[in-house]
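Step one of this worksheet: look at the structure below.
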Amino acid sequence: MHLIVPSTADSVPVVRHALRGMLEAGQIEPAAVSDVLLAVTEACSNVVVHAYVGRDGDVPEMEVEAEWDADHLTVLVRDRGRGFAPRVDSPGLGLGLPVIAALTRRLELRETDGGGTEVSMSFAAVSVAASSG
Amino acid sequence: VSEPGVSVTTESNQTAVVSLTGEHDLSSSGRVRDALETAGRSPVTVLDLTQVEFLDSSILGVVVSAHREAEGAGRRLVLVVGSEPSTSVRRILELTGLSGILEITETRDQAQPDAEGASNGG
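Note that the protein sequences, when read in sequence, are chains A and B. Position one of the first sequence corresponds to residue 22 (my numbering), numbered consecutively onward. Position one of the second sequence corresponds to residue 125 (my numbering), numbered consecutively onward.
Printed below as a string of structure tokens:
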């Protein structure tokens, strides 16, 4: 799955619904699907709320890539925003990243060449089909 | 996929109920904030999450703000999650540790003002 969507709040459920479609088609266990959808929702919300603060002009984009094989799922959420700069006026509780970290098997944050951020989330995603057969 | 629903009803002069249905995230957080603000004029606000299928930390951020405001004003905000909350609701409350900070009950009856005394006194 590869999506490029506007970095707006309305895109957050769009990404989640697309990802759910992919995971359900792959017959991933429902509990695992729920965790993946929560983590990816949190990562996308972080982009919308933090990545492009103070930037004027066109609505910027966020990019979501998901790859799944047998028992392993990786989701990348990428922006071209302000990178890891700390923010003293953060509007949220700051719970997004801790929640993502708790839900993922492996979490990596990288600055991209353009100065944005890439969040790489890996999950153990066992399919019902694989585990029962 | 369920669209996020938000409604506010006043059940008595004591209690206002904010009911959420479907999936809630950053895209509906403004509507949830407005509803909690409207309901917050009552002494008790019940936030009914029993029909919620998805909830993230954006919504919990709004809920925590409303909880702090209610506390400061001597009012209550009570979350009703049902006897079997959706996986998503259970998970986000557990992961954020907010279940120990927010007032959470299974049913709307338990959230009513006279339910506190009843559960303590017998």
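Positions of the beta carbon are idealized from the N, C-alpha and C atoms, including for glycine. Just so you know, these numbers come straight off a predicted model, no measurement behind them.
Which residue comes first and which comes last in the alpha helix (DSSP H) that contains residue i?
{"i": "A/Thr29", "result": "Note, A/Thr29: premise wrong, no alpha helix (DSSP H); not H, not E."}
{"i": "B/His191", "result": "Ser181 to Gly196"}
{"i": "A/Ala122", "result": "Gly117 to Leu124"}
According to DSSP, is residue i helix, strand or coil?
{"i": "B/Gln175", "result": "strand"}
{"i": "B/Glu218", "result": "helix"}
{"i": "A/Met83", "result": "strand"}
{"i": "A/Ala64", "result": "helix"}
{"i": "B/Gly246", "result": "With a pLDDT of only 33 at B/Gly246, under the threshold of 50, the placement of this residue in the model should not be trusted; the figure read from the coordinates follows. B/Gly246 falls in the coil class under three-state DSSP."}
{"i": "A/Asp220", "result": "This structure gives no information on residue 220 of chain A, because the portion of chain A shown stretches from 22 to 154."}
{"i": "B/Ser255", "result": "With chain B represented from 125 up to 246, any question about residue 255 of chain B goes unanswered, as that position is not in the structure."}
{"i": "B/Asp233", "result": "helix"}
{"i": "B/Val141", "result": "strand"}
{"i": "A/Thr133", "result": "coil"}
{"i": "A/Arg37", "result": "helix"}
{"i": "A/Val70", "result": "helix"}
{"i": "B/Gly258", "result": "Any answer about residue 258 of chain B is impossible in this case: the structure gives chain B only from 125 up to 246."}
{"i": "A/Ser153", "result": "At A/Ser153 the pLDDT is 49, less than 50, meaning the model places this residue with poor confidence and gives no usable figure here."}
{"i": "A/Glu50", "result": "coil"}
May I ask which residues mark the beginning and end of the beta strand (DSSP E) holding residue i?
{"i": "B/Asp158", "result": "Run containing B/Asp158: none in the beta strand (DSSP E); it sits in the alpha helix (DSSP H), Ser153 to Ala163."}
{"i": "B/Leu201", "result": "Arg200 to Val204"}
{"i": "A/Gly93", "result": "Checking the displayed sequence, the identity of residue 93 of chain A turns out to be His instead of Gly. Start and end: His93 to Asp100."}
{"i": "A/Ser141", "result": "Thr138 to Ala145"}
Please report how far the alpha carbon of residue i lies from the alpha carbon of residue j, in whole angstroms.
{"i": "A/Ala123", "j": "A/Val54", "result": "15 Å"}
{"i": "A/Ser153", "j": "A/Glu50", "result": "The pLDDT assigned to A/Ser153 is 49, lower than 50, so where the model puts this residue is not dependable, and the model offers no usable value."}
{"i": "A/Leu128", "j": "B/Thr134", "result": "44 Å"}
{"i": "B/Gly146", "j": "A/Gly135", "result": "37 Å"}
{"i": "B/Val142", "j": "B/Pro209", "result": "17 Å"}
{"i": "A/Val57", "j": "A/Met43", "result": "12 Å"}
{"i": "B/Gly185", "j": "A/His93", "result": "31 Å"}
{"i": "A/Arg131", "j": "B/Ser136", "result": "52 Å"}
{"i": "B/Leu226", "j": "B/Val130", "result": "20 Å"}
{"i": "A/Tyr40", "j": "B/Val156", "result": "Sequence check: residue 40 of chain A is Leu here, not Tyr. Taking the straight line joining both Cα atoms gives about 25 Å."}
{"i": "A/Arg101", "j": "A/Ala60", "result": "20 Å"}
{"i": "B/Ser207", "j": "B/Glu218", "result": "15 Å"}
{"i": "B/Thr229", "j": "B/Ser126", "result": "24 Å"}
{"i": "B/Ser182", "j": "B/Ala235", "result": "24 Å"}
{"i": "A/Ile25", "j": "A/Leu97", "result": "12 Å"}
{"i": "B/Gly246", "j": "B/Thr231", "result": "At B/Gly246, the pLDDT of 33 sits below 50, so the modelled position is not reliable; the number obtained from the coordinates is stated separately. B/Gly246 and B/Thr231: Cα-Cα distance of roughly 18 Å."}
{"i": "A/Phe144", "j": "A/Gly104", "result": "24 Å"}
If the cut is a Cβ gap below 8 Å, which residues of chain B does residue i touch?
{"i": "A/Glu63", "result": "Asp180 and Ser181"}
{"i": "A/Leu114", "result": "Ser181, Leu184, Gly185, Val188 and Thr220"}
{"i": "A/Val69", "result": "Leu150"}
At a CB-CB cut-off below 9 Å, which residues of chain B make contact with residue i?
{"i": "A/Gly117", "result": "Asp180, Ser181 and Ser182"}
{"i": "A/Ala30", "result": "Asp149, Leu150, Ser151, Ser152, Ser153, Gly154 and Ser182"}
Please list, in chain order, the chain B residues whose beta carbon lies closer than 7 Å to that of residue i.
{"i": "A/Ser66", "result": "Asp149, Leu150, Asp180 and Ser182"}
{"i": "A/Ala123", "result": "Leu219"}
{"i": "A/Val33", "result": "Asp149, Leu150 and Ser151"}
Counting only Cβ pairs nearer than 8 Å, list the residues of chain A close to residue i.
{"i": "B/Thr211", "result": "Pro51, Ala52 and Ser55"}
{"i": "B/Ile216", "result": "Leu59 and Val120"}
(request) Assess, as a yes-or-no matter, whether the region 59-72 of chain A is touched by the region 27-34 of chain A under the definition of 3 or more beta carbon pairs within less than 8 Å. (result) Contact between the region 27-34 of chain A and the region 59-72 of chain A is present: 3 or more CB-CB pairs across the two stretches fall below 8 Å.
(request) Take every Cβ of the region 154-170 of chain B, pair it with every Cβ of the region 195-204 of chain B, and state whether three or more of those distances are shorter than 8 Å. (result) Counting C-beta pairs with one atom in each stretch, the region 154-170 of chain B and the region 195-204 of chain B have three or more that are closer than 8 Å, which means they touch.
(request) Take every Cβ of the region 65-85 of chain A, pair it with every Cβ of the region 148-166 of chain B, and state whether three or more of those distances are shorter than 8 Å. (result) Three or more beta-carbon pairs separated by less than 8 Å link the region 65-85 of chain A to the region 148-166 of chain B, which places the two stretches in contact.
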